[in-house]
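Quick notes on the structure that follows.
In this note's numbering, the protein residues as written are 2 to 42.
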């Protein structure tokens, strides 16, 4: 068996609001890489 050491992961959520009549975009990054983009009302 190969054991891997646990390492911390930096998770960030960036919120983009373009105007009041559009959905907000939430971009989730893990260790600097985009892992998810979603629209929220």
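The beta carbon of each residue, even a glycine, is placed where N, CA and C say it ideally should be.
- DSSP places residue 16 in the strand class (E or B) of the three-state scheme.
- Annotation for residue 41: the continuous beta strand (DSSP E) segment containing it runs 34 to 41.
- In the structure shown, residue 10 adopts coil according to DSSP, grouped into three states.
- Per the coordinates, the alpha-carbon of residue 8 lies some 12 Å from the alpha-carbon of residue 31.
- Judged by DSSP secondary structure, residue 25 falls within the beta strand (DSSP E) whose first and last residues are 25 to 31.
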